[in-house]
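Below is one structure, written out as structure tokens; the observations come after it.
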Amino acid sequence: MIDLLSVLYPWIKSVHVMAVIAWMAGLFYLPRLFVYHAESGGENVEMIATFRTMERKLHKVIMNPAMMTTWVLGLILAATPGVVDWGAVWPWIKAVGVIAMTVFHVWCSRQRRVMETAPPPLSGRRYRAMNEVPTLLMVAIVVAVIVRPF
Numbered sequence: 224m225i226d227l228l229s230v231l232y233p234w235i236k237s238v239h240v241m242a243v244i245a246w247m248a249g250l251f252y253l254p255r256l257f258v259y260h261a262e263s264g265g266e267n268v269e270m271i272a273t274f275r276t277m278e279r280k281l282h283k284v285i286m287n288p289a290m291m292t293t294w295v296l297g298l299i300l301a302a303t304p305g306v307v308d309w310g311a312v313w314p315w316i317k318a319v320g321v322i323a324m325t326v327f328h329v330w331c332s333r334q335r336r337v338m339e340t341a342p343p344p345l346s347g348r349r350y351r352a353m354n355e356v357p358t359l360l361m362v363a364i365v366v367a368v369i370v371r372p373f
């Protein structure tokens with residue numbers, strides 16, 4: 224099994240990176256949809272229905288599968304011998320960042336569920352601020368993995 228992980232490593236890593244890109248795209252876009260949804264005023268029923276459809280499809284069709292693929296393949300990569308030095312600090316920073324990204328994903332999911340049947344609970348300005356969270360986490364994760372400052 225270990226030999227198989229080593230042989231498949233470039234393929235697993237490639238699909239992992241593609242899944243991360245798809246997940247991040249969703250994490251950047253869904254809060255932006257929340258901004259537009261919150262700022263639409265709620266008068267245009269057709270527009271609200273469109274936002275709800277876009278938010279639901281983005282979350283269920285792109286974000287959820289991408290997050291699950293990211294996690295599964297990331298854990299497989301971490302289990303591949305010689306890939307991660309758990310004595311270093313960088314994998315722990317990455318792990319905390321990925322967990323925080325997952326918490327943000329769950330937060331977005333809950334916001335979306337509320338907005339399925341009710342007006343947005345937060346203002347457009349608040350959703351704009353929350354839209355910065357995945358960017359900050361991405362910076363921390365990428366620097367930890369690529370630069371390895373610790």
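Numbering (the numbering used here), first residue to last: 224 to 373. Think of the CB as a built atom: it goes at the ideal place given N, C-alpha and C, for glycine as much as any other residue.
Just so you know, the alpha carbons of I235 and G264 end up roughly 45 Å apart. The beta-carbon separation of A242 and L300, rounded to 11 Å, does not stay under the 8 Å limit for a contact. Of all C-beta pairs linking the segment 270–288 to the segment 311–327, fewer than three are shorter than 8 Å, placing the two stretches out of contact.
Note that the C-beta distance between T325 and M290 is below 8 Å. When DSSP states are grouped into helix, strand and coil, D226 belongs to the helix group. With respect to the C-alpha of F251, the residue from K317, V370, T293, V356 having the closest C-alpha is V356. In the three-state reduction of the DSSP assignment, E262 falls in the helix class.
Under the three-state reduction of DSSP output, N287 falls in the helix class. Straight through space, the alpha carbons of P342 and R336 are spaced by roughly 11 Å.
In terms of Cα proximity to W294, the closest of Q334, L359, V238 is V238. Remark: C-beta atoms of W330 and V368 do not approach each other more closely than 8 Å. In the DSSP assignment, H328 falls within the unbroken alpha helix (DSSP H) covering 313–340. Taking the Cα positions, F257 is about 23 Å away from V362. Just measuring C-alpha positions, the residue of I285, I316, S332, Y259 sitting nearest T273 is Y259. Taking the C-beta atoms as reference points, Y350 is found no nearer than 8 Å to A248.
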